[in-house]
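Chains as they are written, first to last, in our numbering: chain A, 95 to 528; chain B, 1265 to 1710.
Glycine is no exception: its CB is placed at the ideal position from the N, C-alpha and C atoms.
Heads up: the structure comes next, in structure tokens.
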């Protein structure tokens, strides 16, 4: 491995190709799928013990207190999908739209004195797709869709955290991630003069998910860490009431569903954090079995008839997953004030979704994730600037979904569908200490 | 859609309901306790997180890193013919961050500010054209404000700042399908389901500011805030069948609705601050507000229903007439603000500033002599405030701790509305009211 890392021109071209890809559709929560921060994303989405900088607001807020300089970071990231569902009644290329977005991060050491000196650091992490805050696609269950990878919400990530150095190698931190949900009501009726009118009451509501972390130094070279992230979901709920249709009385339409969902999760990690060669190994548990699935009933039964015959969505039956992760980093001081970071990693992301043998076609595949990255960090006597690049290749393990015998032969996805594909992710982040 | 279940399809519902972040609560009630107490006359004299709204160029004057958090509550007692209209109060958390520093020798500062309403991030609430409403103070104040700015000082006498305030707009396509049961069956037994394809998109408007230091005691400020509005589009198309038991008939239903809501006009502010005494300063601002561009939050709607009754005893109403919103005819306004600050007590580790301010907010709304009922009056706001500044109080807190409080009382003098049509559905009325805003802000400097 060259200490100077991959050819910068090739890496830049790859990043550019990913980042300028047209954004047309929806993806899942970016930080849950691809990690957050250029170093973590280059090192197999580790960072619970090995992380540093603004990205620890997501990977482990306890590590924020390792940052002792006020630093602003700005970057760009993108993901390109090539996902397929092949079969007699399957669409083939799923045409999942690419995503591109802006990454903004900051670390702010709290300038306390005395016993609090250099112990507290505030961090902010922000990812926003270039044209949406949250994208929610709640499709009919039989519609072929990559519900976890491609059909969950494309979503902003807003994270705020505080890390504290408790001494004796122990650190603790906490924060939250925030999302926006929508609730509203639309009333269509006719007024006294015979004109139709609509009353719309649409509200944007914040939802929060906690992020908690601890780390402990095992001597000067090794560290262990643990991070807990609570459920973060965004619900889309609009009630449509139509009146004045003569004798056509229709019930209120409950147009509702979970537009974005990140399950509760815990990541444990051990890392070597000093020396020219650094490494991290991690395991992430995700509580996918609690996922209710995106759709909700269109007609809600009234209180006096709770067992009405209104349709209810089918169960999703997701199961929990465990994801192993591995990251390595080689650090080389190329010159006075110039440090080069070469990074690589691997993760396995098992699918939480069962085989789609019934009416639903909510596809998902397990993934091998190969990652790489490159960092250039300048320091005194040079301007305090950092530039980090990363790329990821997600390879979906092919999976065949065979319908049960009682499913009609003309049902979408019948008699069987093979799903496969890949995702390429890339990005760069520029950081400046001020 | 499966044919076995299909009876009704309600398709292509498109909502574009910008639900979001606008500066209106800040326009009306101010931002930050120090600035609110001074009537907002601070375009040339702000350096805290509130500079993110009043003048981003002011961020560069922050003495150090500052974090602030506060809370404010504004009660609105707005009346028509002596009866309170129960307009919602506005309350929420305010706060922000200012981080000054240098990059390659150039003074630079970064700021973030947020006003976070208690109950919701934003609210879009459209009404029928003739429905009376307090045009300036109803849901226009139910908004999140988030702004990020950068400021630089290229030369000693000039500060330049700018940034973006964010809004979030909603756009969604909804589709409903299934079997719709109508009486004598039970509509709640309808076998309906739906899908949604929605986006919460970002809406941004610019914030720009300049500050010129004519001397150590005289500063001039200029700020610009861009226009934003929430665009609400709603269209629906329903086709398929309705019925009960084994009886089904084809039906189509279409709906079109388009609304602009929570309009935030373009604004330009010119102001000056004079430090006429080492312990006292006075500020005067003039704000031009582009109210003539205002668009009312009215739904332009049309629907059409066609049902082939097929002998069923159904009563189908005729298609209603579409609505078209009336031009509101608002006028641009110049809004004067004045504020003073006096350091009443100052010693090595302690300072006690007191503040006062006044704002005249002339109504841009013309006399509502026709069918529309946009209620508004002039507004006079008197504000007072005080603060405590503790410097290097503890070894652990070497910077400043500030606590600022403010109170602002607004008087909306009575305005009588006489309708041209003596048979007008609403009739003549008199509008008046008052508001009381209270707030406190805690600041921590490093």
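Where the segment 375 to 403 of chain A meets chain B: residues whose CB sits under 9 angstroms from a CB there: Taken in chain order, the members of the segment 375 to 403 of chain A whose beta-carbon sits within less than 9 angstroms of a beta-carbon on chain B are 388, 389, 390, 391, 392, 393, 394, 395, 396, 399, 402 and 403.
Where the alpha helix (DSSP H) through residue 1316 of chain B begins and ends: Its alpha helix (DSSP H) spans residues 1315 to 1318.
Residues within the segment 156 to 170 of chain A neighbouring chain B, beta-carbon criterion of under 8 angstroms: Within the segment 156 to 170 of chain A, contact with chain B at the beta-carbon level (separation under 8 angstroms) is assigned to 164 and 166.
Of the listed residues B/1358, B/1517 and B/1535, nearest to residue 1293 of chain B (C-alpha basis): Of the listed residues, the one whose Cα sits closest to residue 1293 of chain B is B/1358.
Burial state of residue 264 of chain A, where buried means 16 or more other Cβ atoms lie within 10 Å: By the 10 Å Cβ count, residue 264 of chain A comes out exposed.
Whole-angstrom C-beta distance between residue 1368 of chain B and residue 477 of chain A, which should lie under 8 angstroms: About 6 angstroms separates the two Cβ atoms, so the contact holds.
Cβ-based burial, residue 1723 of chain B [other Cβ within 10 Å; buried from 16]: Outside the modelled stretch of chain B, which goes from 1265 to 1710, sits residue 1723 of chain B, for which no answer is possible.
Residue 206 of chain A at chain B interface by Cβ criterion, 8 angstroms: Closer than 8 angstroms: yes.
Opposing strand residues paired with residue 1483 of chain B [DSSP bridges]: Within the DSSP secondary-structure output, residue 1483 of chain B pairs in a beta bridge with B/1477 and B/1537.
Members of the segment 1442 to 1462 of chain B that neighbour chain A once the beta carbon cut-off is set at 8 angstroms: Of all residues in the segment 1442 to 1462 of chain B, the ones placed with a Cβ closer than 8 angstroms to any Cβ belonging to chain A are 1442, 1444, 1446, 1447, 1450, 1451, 1452, 1453, 1454, 1455, 1456, 1457, 1458, 1459, 1460, 1461 and 1462, in chain order.
Residue range of the unbroken alpha helix (DSSP H) whose run includes residue 151 of chain A: Segment 150 to 153, the alpha helix (DSSP H) holding residue 151 of chain A.
Test item: CB-CB of residue 387 of chain A and residue 450 of chain A under 8 angstroms: No, they are not a contact pair.
Alpha-carbon to alpha-carbon, residue 256 of chain A and residue 1700 of chain B: Going by the C-alpha atoms only, they are around 35 angstroms apart.
In chain order, each beta strand (DSSP E) run of at least 3 residues that lies wholly inside the segment 140 to 192 of chain A: 165 to 180, all fully within the segment 140 to 192 of chain A.
Residue 547 of chain A versus residue 481 of chain A: straight-line alpha-carbon distance, rounded: Beyond the ends of chain A as shown, which are 95 and 528, falls residue 547 of chain A; an answer cannot be given.
Backbone CA spacing between residue 1612 of chain B and residue 1655 of chain B [nearest angstrom]: Near 8 angstroms, if we compare the C-alpha coordinates of residue 1655 of chain B and residue 1612 of chain B.
Residue 1365 of chain B at chain A interface by Cβ criterion, 8 angstroms: Under the 8 angstroms criterion on CB atoms, residue 1365 of chain B is classed as interfacial with respect to chain A.
Cβ-based burial, residue 1541 of chain B [other Cβ within 10 Å; buried from 16]: Exposed is the call here.
Segments of 3+ residues assigned as beta strand (DSSP E) that fall wholly inside the segment 353 to 409 of chain A: Within the segment 353 to 409 of chain A, complete beta strand (DSSP E) segments of at least 3 residues are found at 359 to 366 and 371 to 380, given in chain order.
Proximity of residue 1470 of chain B and residue 1428 of chain B at Cβ, strictly below 8 angstroms: Result yes, Cβ atoms of residue 1470 of chain B and residue 1428 of chain B sit closer than 8 angstroms.
Interface partners of residue 1527 of chain B on chain A, CB under 7 angstroms: What residue 1527 of chain B touches in chain A: nothing, since even the nearest Cβ is about 15 angstroms away.
Alpha-carbon spacing of residue 1548 of chain B relative to residue 281 of chain A, whole angstroms: Roughly 46 angstroms between the two C-alpha positions.
Boundaries of the alpha helix (DSSP H) in which residue 1301 of chain B is found, first to last residue: Looking at the DSSP string, the run of the alpha helix (DSSP H) that includes residue 1301 of chain B is 1297 to 1301.
Expected contact under 8 angstroms - CB spacing of residue 364 of chain A and residue 318 of chain A to nearest Å: Going by Cβ atoms, the distance from residue 364 of chain A to residue 318 of chain A rounds to 5 angstroms, so yes, they are a contact pair.
Nearest-angstrom Cβ-Cβ length linking residue 1603 of chain B and residue 1620 of chain B, presumed shorter than 8 angstroms: Sure, about 7 angstroms apart at Cβ, within 8 angstroms.
Residue from B/1593, B/1544 and B/1423 whose Cα sits closest to the Cα of residue 1556 of chain B: Looking at the Cα atoms, B/1593 is the closest of the given residues.
Nearest candidate by alpha-carbon position, reference residue 1448 of chain B, set A/344, A/213, A/311 and A/236: Comparing alpha carbon positions, the residue from A/344, A/213, A/311 and A/236 closest to residue 1448 of chain B is A/344.
Distance between residue 1299 of chain B and residue 1325 of chain B (C-alpha atoms, nearest Å): Distance between the alpha carbons of residue 1325 of chain B and residue 1299 of chain B: 15 angstroms.
Residue 1652 of chain B to residue 1705 of chain B span [Cα, whole Å]: Taking the straight line from one Cα to the other gives about 11 angstroms.
Cα-Cα separation between residue 428 of chain A and residue 1660 of chain B, rounded to whole angstroms: When rounded, the distance between both Cα atoms is 39 angstroms.
Distance between residue 1490 of chain B and residue 1553 of chain B (C-alpha atoms, nearest Å): Going from the Cα of residue 1553 of chain B to the Cα of residue 1490 of chain B covers about 10 angstroms.
Close beta carbons around residue 220 of chain A, own chain, < 6 angstroms, minus the five adjacent residues each side: Excluding sequence positions up to five before and after residue 220 of chain A, its CB lies within less than 6 angstroms of the CB of 198 and 252, all in the same chain and listed in chain order.
The ligand ADP heavy atom lying under 7 angstroms from the CB of residue 244 of chain A: No copy of the ligand ADP appears in this structure; indeed no ligand is present at all.
Residue 147 of chain A burial status per 10 Å Cβ neighbour count (16 or more: buried): Taking all protein chains in view, the Cβ of residue 147 of chain A is crowded by 16 or more other Cβ atoms within 10 Å, so the residue is classified as buried.
is_contact[residue 352 of chain A, chain B] using C-beta, thresh 8 angstroms: Between residue 352 of chain A and chain B, the shortest Cβ-Cβ separation is not below 8 angstroms.
Buried/exposed call for residue 275 of chain A, threshold 16 Cβ in 10 Å: By the C-beta density criterion, residue 275 of chain A is buried, having at least 16 other C-beta atoms within 10 angstroms.
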